[in-house]
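J.: Each residue of the sequence shown is one higher than the one before, counting from 3 in this note's numbering.
This is the structure I have questions about; it appears just below.
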Amino acid sequence: MKIAIGILIPFLGTTIGALMVFCMKNTLNKRVEKLLLGFASGVMIAASIWSLLIPSIEMADEQGMISWIPAVVGFILGILFLLLIDMIVPHLENDTPKGIKVGFKKTTMLVLAVTLHNIPEGMAVGVAFAGVISGNAGITMASALALSIGIAIQNFPEGAIISMPLKSEGMGKIKSFIYGTLSGIVEPIAAFITLLLTSIIVPMLPYLLAFAAGAMIYVVVDELIPESQKGELSNLGTIGVTIGFLIMMVLDVVLG
């Protein structure tokens, strides 16, 4: 039961974030947006370190591997995976990858991009709970829940950042909420599939944890931080990163 709840927690974060479309005006306040983007970045950076990379190194050491190799290899693969997605899926700005014509609306691409980026996060949760099921000492139920809660906290602004622009472009509140919510449904699905493959992936856990970390860091560096630092009020983004990082760090250390 705890594992089922843990898998669904990140999706709950996205849903609550999408609910903000019913509470706010047609446009998301710029100050709030900068803080949310920065906060999400800080949470993801801390989660990548304490909930993914450190357990990856510890588990590799326990399995008799050179401790840092799985972390390095998995991290690089995670970066390359998201880089490949960004090459396939057009950016949200007006520019597009070479030779690709964009026939979708900007808001549709936003939903698609966030949905694709949520897959590695769902995998990260699934891998963490797979570690708990396998009895690996490197990952406890508390630390897996800490990662799940951390991703849920990070998903809150994502849900809001999707649903609010959709509403501002004329879509109804209910439909905007549904789109924002559905962008996060891939996380529990990815986590569940990962859990089903636990017996197969246990030897690969150190690599998979680092892979999820690399994917999350890519999203932070390529999208969240640049967006939070764009234009005026960039200091609010920096403050958000600090608060998010510290909260997730304390959450993981206390629960882990």
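Even for Gly, the Cβ is constructed at its ideal location relative to N, Cα and C.
A quick note: this is a predicted structure, and the numbers were derived from the prediction, not measured.
Taking just the CA atoms, how far does I164 sit from F158?
T.: Counting from one through the sequence shown, the residue named residue 158 turns up at place 156. Counting from one through the sequence shown, the residue named residue 164 turns up at place 162. About 10 Å.
J.: What residue range does the alpha helix (DSSP H) around W70 cover?
T.: Residue mapping note: residue 70 aligns to position 68 of the sequence shown, counting from 1. Looking at the DSSP string, the run of the alpha helix (DSSP H) that includes W70 is 70 to 90.
J.: Would you mind listing the beta strand (DSSP E) stretches within the region 152 to 213 that are 3+ residues and don't spill past its ends, in chain order?
T.: As far as the region 152 to 213 is concerned, it has no whole beta strand (DSSP E) run of at least 3 residues.
J.: In terms of alpha-carbon separation, which member of I155, A192, I90, E225 lies closest to A214?
T.: One-based indexing of the sequence shown puts residue 214 at position 212. Checking every option, the nearest Cα to that of A214 belongs to A192.
J.: With I227 as the anchor, note down where its alpha helix (DSSP H) starts and where it stops.
T.: Walking along the sequence shown from the start, residue 227 turns up at place 225. Start and end: 227 to 230.
J.: If you draw a straight line from the C-alpha of I56 to the C-alpha of S236, how long is it?
T.: Sequence index remark: in the sequence shown, residue 56 carries index 54 (1-based). Sequence index remark: in the sequence shown, residue 236 carries index 234 (1-based). Approximately 30 Å, taken between the alpha carbons.
J.: Just how far apart, CA to CA, sit I5 and F131?
T.: Your numbering for residue 5 matches position 3 in the sequence shown. Your numbering for residue 131 matches position 129 in the sequence shown. About 7 Å.
J.: Can you tell me which of the three DSSP states N31 falls into?
T.: Here residue 31 refers to the residue found at position 29 of the sequence shown. Coil at N31, not helix or strand.
J.: Does P228 pass the burial test, meaning 16 or more other C-beta atoms within 10 Å, or should it be called exposed?
T.: Residue numbering aside, residue 228 sits at position 226 when the sequence shown is read from its first letter. Exposed, since its Cβ has fewer than 16 Cβ neighbours within 10 Å.
J.: Can you list, in chain order, the residues of its chain whose CB lies under 6 Å from that of G133, leaving out five sequence neighbours each side?
T.: Counted from its first residue, the sequence shown places residue 133 at position 131. Closer than 6 Å at Cβ, skipping near neighbours: I141, L207.
J.: Which first and last residues belong to the alpha helix (DSSP H) in which D63 is found?
T.: Numbered from its first residue, the sequence shown carries residue 63 at position 61. Start and end: 56 to 64.
J.: Taking the alpha carbon of L84 as the point to measure from, which residue in V223, G8, G186 has its own alpha carbon closest?
T.: Here residue 84 corresponds to residue number 82 of the sequence shown, with the count starting at 1. Ranking the options by Cα distance to L84, first place goes to V223.
J.: Whose C-beta lies closer than 6 Å to the C-beta of G76 among residues of the same chain, with five residues either side of it excluded?
T.: On the sequence shown, position 74 is the one that residue 76 refers to. If we look at G76 and ignore the five residues flanking it on each side, its Cβ neighbours are Y209, A212, F213.
J.: Per DSSP, what kind of secondary structure is L2 in: helix, strand or coil?
T.: Past the boundaries of the shown model lies residue 2; the chain is included only from 3 to 258, so the question cannot be answered.
J.: For G161, I'd like the list of residues in its chain whose CB is within less than 8 Å of its CB, leaving aside the five on either flank, ordered along the chain.
T.: Working through the sequence shown from its first residue, we reach residue 161 at position 159. Contacts found: G15, T16, T17, I18, G19, A20, L21, M22, G182, T183, S185, G186.
J.: Taking only three categories from DSSP, how would you classify T17?
T.: Numbered from its first residue, the sequence shown carries residue 17 at position 15. T17: helix per DSSP, three-state reduction.
J.: On the criterion of 16 or more Cβ atoms from any shown chain inside 10 Å, does A148 qualify as buried, or is it exposed?
T.: Counting from 1 along the sequence shown, the entry for residue 148 is found at position 146. Burial call: buried.
J.: For I78, which residues in the same chain have their Cβ closer than 7 Å to its Cβ, ignoring the five residues on either side in sequence?
T.: Start at 1 with the first residue of the sequence shown, and residue 78 comes out as number 76. The residues are G216.
J.: By the three-class DSSP mapping on this structure, what secondary structure does G261 have?
T.: Past the boundaries of the shown model lies residue 261; the chain is included only from 3 to 258, so the question cannot be answered.
J.: Would a C-beta distance cut-off of 7 Å place I151 and I11 closer than the cut-off?
T.: As a first step, residue 151 is located in the sequence shown; it is residue number 149 there, counting from the start. As a first step, residue 11 is located in the sequence shown; it is residue number 9 there, counting from the start. Yes, these two residues count as a Cβ contact at 7 Å.
J.: Between K177 and V127, what straight-line distance do the alpha-carbon atoms span, to the nearest angstrom?
T.: Working through the sequence shown from its first residue, we reach residue 177 at position 175. Working through the sequence shown from its first residue, we reach residue 127 at position 125. Spanning the two alpha carbons is a distance of roughly 28 Å.
J.: Counting C-beta neighbours from all protein chains within 10 Å, is the total for M250 16 or more, i.e. buried, or is it exposed?
T.: Translated into positions along the sequence shown, residue 250 becomes position 248. Buried, because 16 or more other Cβ atoms sit within 10 Å of the Cβ of M250.
J.: Compare the C-alpha of E189 against each of V129, L226, S145 and name the closest.
T.: For the purposes of this step, residue 189 is identified with residue 187 of the sequence shown, where counting begins at 1. The residue with the shortest Cα to Cα distance from E189 is V129.
J.: Using three-state DSSP, classify I141 as helix, strand or coil.
T.: Residue mapping note: residue 141 aligns to position 139 of the sequence shown, counting from 1. Correct three-state label for I141: coil.
J.: Using a threshold of 7 Å, state whether the C-beta atoms of G80 and G246 are closer than that.
T.: Translated into positions along the sequence shown, residue 80 becomes position 78. Translated into positions along the sequence shown, residue 246 becomes position 244. Not a contact, by the Cβ cut-off of 7 Å.
J.: Consult DSSP for S50 and reduce its assignment to one of helix, strand or coil.
T.: Reading the sequence shown from its first residue, position 48 is the one you call residue 50. Three-state DSSP puts S50 in a helix.
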